[in-house]
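See structure below.
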Amino acid sequence: MKAFIVFSVVLALASAGAVDSSNKEKRALWEVESGHDSYEAYGQHHQPLNYGYTKKEIITKKVPVPYPVEVEKHVPVPVKVPYPVKVEKEVPFVVEKKVPVYIEKKVPVHVDRPYPVEVKVPVEVPVYKKEYVEVPKPYAVHVEKPYPVYVKQPVYVEKQVPVTVHIKEHHKKPYWG
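Residues -16 to -1, 1 to 161 in mature numbering (1 follows the signal peptide of the UniProt record, and there is no 0) are what the sequence shown lists, from first letter to last.
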């Protein structure tokens, strides 16, 4: 809209600048120099008013060239909504869906002769003696000289924490209704 207003103002200024600004005198229907001021007097002489000369003026104006303008229009489109269809005889119909299903089956295989199979069985080892050792508490530890420990950079401990993320679905709202 702003572009249209600016274009029309520029066009008005350009057309106003093309008009000749010379002072023009008002002229009557017939020239005053011929000596006849009335209509009746013209009918008696039948002389042409130009006296042998004609004045031609060529006026040139710049006409703006039309250019294509893209216009975006929002047109509501009717959406077909499914509607119920009445059937005279309702007959149940089974729709078969072929889905591959894998089932493991144990098939007996005949073996001609027996063969040795190693089976690992856990063996319990009996513990005969239990030894108890007495430890004095608290246990004293000798430190020669305590000193402060400075850490130059912070140490980050990575720990995996389960986090649930809820993704909100965005539904487009229609332009109507």
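In this text, a Cβ means the ideal position worked out from N, Cα and C, and glycines have one as well.
Computed from a predicted model, the values in this text were never measured in an experiment.
Backbone CA spacing between residue i and residue j [nearest angstrom]
i, j, result
"T44", "S(-2)", "11 Å"
"V101", "V91", "19 Å"
"V114", "A124", "As written in the sequence, residue 114 is Lys, which differs from the Val given in the question. Straight-line Cα distance between these residues: approximately 27 Å."
"P158", "I151", "22 Å"
"V61", "Y67", "18 Å"
"E56", "I(-12)", "19 Å"
"V127", "V119", "20 Å"
"K64", "K70", "18 Å"
"E88", "R97", "26 Å"
"Y116", "V105", "32 Å"
"K136", "K143", "22 Å"
Option nearest residue i by Cα separation, candidates the options
i, options, result
"A(-5)", "V127, V47, E128, V103", "V47"
"Y51", "V75, V141, V109, F(-10)", "F(-10)"
**Message:** Could you tell me which whole beta strand (DSSP E) segments of length 3 or greater appear in the segment 27 to 91?
**Reply:** With a minimum length of 3 residues, there is no unbroken run of beta strand (DSSP E) contained wholly in the segment 27 to 91.
**Message:** Give the list of continuous beta strand (DSSP E) stretches no shorter than 3 residues that lie fully inside the segment 132 to 157.
**Reply:** Unbroken beta strand (DSSP E) stretches of 3 residues or longer found wholly inside the segment 132 to 157: none.
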